[in-house]
Structures are given as C-alpha cells and as structure tokens.
Amino acid sequence: MVDAILAGGGEVTALEQADALVWADPRGPDALQATLDRAPGLRWVQLPWAGVEPFVEVIDHERLWTCGKGVYAEPVAELALGLGLAGLRGIAHYARADHWGGPRGVNLQGGRVTILGGGGIAESLLALLAPFDAHVTVVRNRVQAMDGADVVLEADRLHDALPGADLVVVALALTPETDGIIGAAELRLMERHAWLVNVARGRHVVTDALVDALREERIGGAGLDVTEPEPLPEDHPLWTLPTCVITPHVGNTPEMAVPLLAQRGIVTLDQALEASRETYYARLKY
Numbered sequence: 014m015v016d017a018i019l020a021g022g023g024e025v026t027a028l029e030q031a032d033a034l035v036w037a038d039p040r041g042p043d044a045l046q047a048t049l050d051r052a053p054g055l056r057w058v059q060l061p062w063a064g065v066e067p068f069v070e071v072i073d074h075e076r077l078w079t080c081g082k083g084v085y086a087e088p089v090a091e092l093a094l095g096l097g098l099a100g101l102r103g104i105a106h107y108a109r110a111d112h113w114g115g116p117r118g119v120n121l122q123g124g125r126v127t128i129l130g131g132g133g134i135a136e137s138l139l140a141l142l143a144p145f146d147a148h149v150t151v152v153r154n155r156v157q158a159m160d161g162a163d164v165v166l167e168a169d170r171l172h173d174a175l176p177g178a179d180l181v182v183v184a185l186a187l188t189p190e191t192d193g194i195i196g197a198a199e200l201r202l203m204e205r206h207a208w209l210v211n212v213a214r215g216r217h218v219v220t221d222a223l224v225d226a227l228r229e230e231r232i233g234g235a236g237l238d239v240t241e242p243e244p245l246p247e248d249h250p251l252w253t254l255p256t257c258v259i260t261p262h263v264g265n266t267p268e269m270a271v272p273l274l275a276q277r278g279i280v281t282l283d284q285a286l287e288a289s290r291e292t293y294y295a296r297l298k299y
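Counting with the working numbering, you get residues 14 to 299 for the letters of the sequence shown.
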C-alpha cells in the first residue's frame with residue numbers, strides 16, 4: 014500500500030499531519046473513530062472493504078469517503094464457484110464420508126445458474142462460468158446486457174429465476190430491499206437438487222428457513238461464506254447439517270485483500286478532493 018501511495022503521487026506521513034487515511038485495520042469502527050479523533054485535518058478516508066455497513070456510524074459529511082467496491086470481485090467469485098462445484102458434484106458429501114460410497118452429483122457443465130446481483134462479483138463469476146457452457150440468469154435492479162449472461166431479469170422477477178436452476182448464487186449488496194431476499198417462499202421454488210451459495214451478506218438468507226429446507230431435504234444443499242448471525246455460534250444447527258458447507262467469511266483473505274486494494278491504484282489527494290468538490294457542487298445545484 015505504501016508503494017501504491019507513492020506511485021499515486023502521495024506522501025506517507027504522520028497521522029497528525031495527514032490529509033488522507035488509507036484504513037486497512039481489521040479492528041473496525043471503534044479503532045477508526047479513535048484514529049479520526051486524533052487527526053481532525055483528515056479530508057479523505059479510504060475504507061478497505063466493499064461493504065461499508067461496519068463503518069456507518071463513523072462516516073460523516075465533512076470528509077470524502079471511498080470504499081473497496083469491486084476490488085475483491087475475482088476471489089469472491091472464485092470461492093462462489095468452488096462452493097457450487099463442491100455441492101453439485103458431491104464433494105461436500107464425500108469429504109465427510111468414512112466409507113466407500115456410491116456415485117452422486119449433478120453437472121454444472123451445461124447446467125443452469127441463477128445469480129442474484131449484477132455487480133463486480135457477478136461479472137467475475139460470469140467469466141468463470143463461461144467454460145461450463147451453463148445457461149445463466151442474472152437478477153438485478155436494472156436490466157442491462159451482461160457478458161456471459163443468457164437472461165437478465167429485474168429484481169421483481171426473482172421467483173421466475175429460481176425454478177429450474179441447478180445453482181443459485183447470492184452476490185448482491187445488502188439493502189433494506191435485499192434483507193431476507195431468500196426466505197421460505199424462495200427456497201420452496203428451488204429444485205430439490207439445487208444448491209444455494211451465499212457470498213454476499215448473511216442477512217440475505219433467512220437462516221431459520223434455510224435450516225428447515227435443509228433438514229427436510231427440499232434443496233440439495235447450501236454453501237455459505239456468510240451467515241446470520243456471524244460468526245456462527247458453535248452450537249448452531251447449520252454446523253450439524255451434512256448438506257451445508259460453511260466457510261468463515263473468507264471470500265477474500267487479508268493476504269488477498271491488501272495487494273488487490275493496492276493494485277487498484279491510490280489516487281492522489283488532489284484528485285480525491287476534486288471529486289469531493291464536484292459532489293458538493295452537485296448537491297448545491299440539486
């Protein structure tokens with residue numbers, strides 16, 4: 014990150030003298046607030062993650078704030094594909110086996126995939142799915158053509174995109190409209206062999222409804238990199254379900270995240286402040 018700041022024309026300096034802060038500390042909003050209190054001159058803050066929910070209480074209107082949206086799309090899409098394949102091809106089942114069993118599994122090759130979300134993760138996942146020759150439906154807020162997608166539907170047509178899908182991937186932002194977007198009704202529309210993969214936010218899926226669907230074998234299984242609650246308590250029933258694969262929110266790890274954030278290229282403070290001024294003028298105008 015230091016190299017990226019220098020390459021962007023910036024200077025790494027003491028906090029009290031800084032105009033900008035690149036925040037990569039995993040401790041969260043309390044530590045960030047304490048840092049901001051020590052540096053009242055900060056005018057620009059770069060947050061490390063795509064989601065800003067943890068920092069909502071800290072974000073103010075006096076500074077320019079930017080996030081890591083789109084930076085981590087490729088590793089998250091890679092994990093989504095891995096979880097989907099582990100489920101559909103029976104790898105999750107075989108990994109828990111203690112004896113030689115029979116054949117099981119469903120092809121992703123030539124299968125049908127539904128992706129919820131049309132952002133960077135969806136774009137990266139579409140590229141990864143291309144060699145599988147799968148029929149892919151994307152459900153997103155605004156309908157527009159996407160490379161690799163056979164069908165793009167508006168969000169209010171989600172129920173049309175679930176029947177027939179072998180794999181359903183949740184890869185969208187958490188908003189009031191998407192909170193609980195996969196509940197009992199949606200799970201009932203999925204095929205009995207289909208796998209649900211969630212690499213977005215745990216609250217997209219109604220946990221109790223998912224537990225019921227898995228227990229009753231109404232869907233093939235679930236691959237979850239995020240859960241509600243999170244971290245998932247050790248005594249939670251999801252841990253005991255053989256058709257549920259859980260990874261601890263590792264769509265991108267710190268080792269992956271830091272180089273990717275640096276590779277995006279840190280813009281100079283002057284450029285950031287220019288963007289801030291343009292936003293301010295727009296607010297005055299409208």
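From the three backbone atoms N, C-alpha and C, an ideal C-beta is built for every residue, glycine too.
Alpha carbon to alpha carbon, how far is residue i from residue j?
i	j	result
Leu175	Gly118	19 Å
Gly115	Gly103	11 Å
His217	Ala186	9 Å
Leu138	Leu94	7 Å
Gly67	Ala44	In the sequence as presented, Gly is not what sits at residue 67; that position holds Pro. Between Pro67 and Ala44, the C-alpha separation is close to 12 Å.
Gly133	Pro144	19 Å
Thr220	Leu227	11 Å
Leu77	Gly124	44 Å
Arg109	Thr256	10 Å
Leu193	Arg214	First, the amino acid is wrong: residue 193 is Gly here, not Leu. Going from the Cα of Gly193 to the Cα of Arg214 covers about 10 Å.
Leu282	Glu24	Low per-residue confidence applies at Leu282: pLDDT is 48, beneath 50, and the placement is therefore not dependable, though the value from the model is reported in the following sentence. Taking the straight line from one Cα to the other gives about 10 Å.
Ala135	Ala63	14 Å
Pro246	Asp16	40 Å
Val164	Leu121	17 Å
Pro53	Val156	43 Å
Leu98	Glu87	17 Å
Thr191	Gln30	41 Å
Using 10 angstroms around the beta-carbon of residue i, count the other beta-carbons present and answer buried if the total reaches 16, otherwise exposed.
i	result
Ile18	buried
Ala27	exposed
Pro61	buried
Gln59	buried
Asp73	exposed
Trp57	buried
Tyr107	exposed
Ala90	buried
Just to confirm before moving on: does the CB-CB distance between residue i and residue j stay below 8 Å?
i	j	result
Ala184	Leu254	no
Glu243	His262	yes
Ala140	Arg153	no
Val149	Gly131	no
Ala33	Leu55	yes
Pro250	Val224	yes
Val239	Met203	no
Gly81	Leu274	yes
Val212	Ala105	no
Leu96	Asp179	no
TODO: Inspect the CB distances between the region 205 to 217 and the region 233 to 253 and report whether three or more fall short of 8 Å.
DONE: Below 8 Å, enough C-beta pairs join the region 205 to 217 and the region 233 to 253 to call them touching: three or more.
TODO: Mind listing, in chain order, the continuous beta strand (DSSP E) runs of no fewer than 3 residues lying wholly within the region 87 to 151?
DONE: Restricted to the region 87 to 151, the beta strand (DSSP E) segments that are unbroken, complete and at least 3 residues in length are 125 to 129, listed in chain order.
TODO: Can you check the region 32 to 91 for any beta strand (DSSP E) of at least 3 residues that lies completely inside it and give the ranges in chain order?
DONE: Within the region 32 to 91, the runs of beta strand (DSSP E) that reach at least 3 residues and sit entirely inside it are, in chain order, 33 to 35, 57 to 59, 77 to 79.
Task: Whole runs of the beta strand (DSSP E) within the region 213 to 273, excluding any shorter than 3 residues - done: The qualifying runs are 234 to 237, 257 to 259.
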